[in-house]
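In this note's numbering, the protein residues as written are 367 to 523. We put the beta carbon where it would ideally sit given N, CA and C, even for glycine. Below is one structure, written out as structure tokens; comments come after it.
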């Protein structure tokens, strides 16, 4: 039976491609979007749901990346580097570190959400000021320090 053009890609290569695709989705799209939403849109009512959803998609992608990476290494040929031993690769160590650190950050974010105190009773929540969010900018000061009455002295006006 003649090979089709698509038959040139074996199982190992498909696993490497899936590993790369999910890694790109997590690191180039969902994680940066979640970070930007958490940083610049905190004043909006929808920010937390969007941030949590994107972080959850990122966590899922990173777990898939790690699992597919292990399957790819275990299904690889003899020329493929291994997890341990003389052919060990730093790529695998970095992948494990990224998985552990991201999941730790994800779980700490969830814990911070559920353990965050509202502060003293009746206290107003502090709004974070961001240059790109006009609703979060602090009001202008009531008084400013400047020169008054054409003298060299500074006073509050």
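*For residue 392, write down the residues that DSSP places opposite it in a beta bridge.*
The partner list for residue 392 (beta bridge, DSSP) is empty, contrary to what the question assumes.
*Are the stretch 419 to 426 and the stretch 373 to 385 touching, with three or more C-beta to C-beta distances below 8 Å?*
no
_Cβ-Cβ distance between residue 417 and residue 429 below 9 Å_ = no
*Would you tell me roughly how many angstroms separate the C-alpha atoms of residue 477 and residue 469, rounded to the nearest one?*
12 Å
_Contact check, residue 407 vs residue 479, beta carbons under 9 Å_ = no
*Whole angstroms is fine: what's the gap from residue 438's alpha carbon to residue 410's?*
42 Å
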